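This report concerns only the one structure given below.
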Amino acid sequence: MTTQQTTTRTAAKSKSAVGFTAEERAAMKEHAQELKTAARRGSRATKADGEKDVLAKIADMADADRVLAERIHAIVKASAPQLAPKLWYGMPAYARDGKVVCFFQSAEKFKARYATLGFNDSANLDDGTLWPTAFALTKLTADDEKKIGELVRRAVS
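Right, dumping it as structure tokens:
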């Protein structure tokens, strides 16, 4: 007769494995509030409402993030005026038919060392079997702005 020993795992769980970070929980709460606001606006919601929300969020950002977000906002509006500005998990985002195409994530939001310009799967950026969907931003040069404009135009084509 064989006996089986049971063992218990005694390793302590790290804080990162336990659940969501405070920043992630805050983003989810912001998203819930965004959904409530959208529901309250209902069919009378306009593109101007979304832009007002995005500009208010950008105005609340720390200086370095705010400068980048303002430029990204201007580039997206000029490159793809058909995209509707909206908040998405507390971040400025730009949507087509209700689906977020691209978004700006401030460095401050998740305590990162750089801001991020991200593209969701609804963006038409497919290029073979491998392509980037997020870009780190620390500052924007004229060349960077041109590349971003081209990416946004391609994303909605």
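In full-length UniProt numbering, the protein residues as written are 1 to 157.
Cβ coordinates follow ideal geometry from the N, Cα and C atoms, glycine included.
Quantities reported herein were computed from a predicted structural model and do not represent experimental measurements.
Comparing C-alpha positions only, which one of the options sits nearest to residue i?
i           : options            : result
A56         : K47, L87, A64, L35 : L87
T133        : S79, C102, R153    : C102
residue 179 : T37, V76, K77      : Within the shown structure, residues of the chain are numbered from 1 to 157, placing residue 179 beyond reach of any answer.
Look up residue i in the DSSP assignment and say whether it is helix, strand or coil.
i    : result
A62  : coil
T129 : coil
V101 : strand
T46  : coil
T37  : helix
A11  : Confidence at A11 is low in this model, with a pLDDT of 49, below 50, so its placement is unreliable and the value that follows should be read with caution. Coil.
Can you round the beta-carbon distance between residue i and residue j to whole angstroms, since I take them to be within the 8 Å contact cut?
i    : j    : result
V100 : N124 : Their Cβ separation, rounded to whole angstroms, is 14 Å, which puts V100 and N124 out of contact at 8 Å.
Y114 : L151 : Wrong, their Cβ atoms sit about 17 Å apart, outside the cutoff.
S122 : A69  : About 21 Å; that fails the 8 Å criterion.
By Cβ distance, which residues of its chain are closer than 6 Å to residue i, with the 5 residues on each side in sequence left out?
i   : result
T10 : Low confidence applies to T10: its pLDDT is 48, below 50, so where it sits in the model is not reliable enough to give any reading.
Taking the DSSP output, what are the residues bridged to residue i?
i    : result
A115 : L137
A84  : A95
In chain order, what residues of the same chain lie with their CB nearer than 8 Å to the CB of residue i, ignoring the 5 residues before and after it?
i    : result
E108 : M61, A62, D65
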